[in-house]
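J.: When we follow my numbering, the leftmost residue of the sequence shown carries the number 28, and every step to the right adds one. Even for Gly, the Cβ is constructed at its ideal location relative to N, Cα and C. All values reported here derive from a predicted model rather than from experimental measurement.
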Amino acid sequence: QRHRLDPESYREAMQKADSNRRMLHEGVMASLEMVNRLSTQVYGGEKLFTFADRYEAAEIAIQIVDEYFESGQTPRWSALFI
Numbered sequence: 028q029r030h031r032l033d034p035e036s037y038r039e040a041m042q043k044a045d046s047n048r049r050m051l052h053e054g055v056m057a058s059l060e061m062v063n064r065l066s067t068q069v070y071g072g073e074k075l076f077t078f079a080d081r082y083e084a085a086e087i088a089i090q091i092v093d094e095y096f097e098s099g100q101t102p103r104w105s106a107l108f109i
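(1) Return helix, strand or coil for L75, following the three-state DSSP convention.
(2) Would you mind sorting V69 into buried or exposed? The rule is 16 or more other CB atoms within 10 Å of its CB.
(3) Would you mind sorting M50 into buried or exposed? The rule is 16 or more other CB atoms within 10 Å of its CB.
(4) Just the C-alpha distance for D93 and H30, rounded to the nearest angstrom, thanks.
(5) For E39, count neighbouring C-beta atoms within 10 Å of its own C-beta (all shown protein chains included) and say buried if the count is 16 or more, exposed if not.
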């Protein structure tokens, strides 16, 4: 995009992409926290995921997606919530 857009349009596109990325990271962390709450409060179990920051949350999300697509089935841990 850098070579196709004028400088102002490029800057706007990059700001939008950065904002979208940030929202996705926050959504992943919120979803993992929700699963942890379900696991502990509703099912009386332990937390399934632990992470200190958005990078660790992203690594967990990558592992979940990889397992899903490699196996062609729903990940084993999701059976707790079906």
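T.: Answer, in terms of the structure:
(1) Along the sequence shown, one-based indexing puts residue 75 at 48. When secondary structure is reduced to three states using DSSP, L75 falls in the coil class, being assigned neither helix nor strand.
(2) Here residue 69 refers to the residue found at position 42 of the sequence shown. Burial call: exposed.
(3) Against the sequence shown, residue 50 aligns to sequence position 23. Around the C-beta of M50, fewer than 16 other C-beta atoms lie within 10 Å, and the residue is accordingly described as exposed.
(4) Stepping through the sequence shown from its first residue, residue 93 is reached at position 66. Stepping through the sequence shown from its first residue, residue 30 is reached at position 3. So the two alpha carbons sit approximately 33 Å from each other.
(5) Residue 39 sits at position 12 when you count from the first residue of the sequence shown. Classified as exposed, E39 has fewer than 16 neighbouring CB atoms from the shown chains inside 10 Å of its CB.
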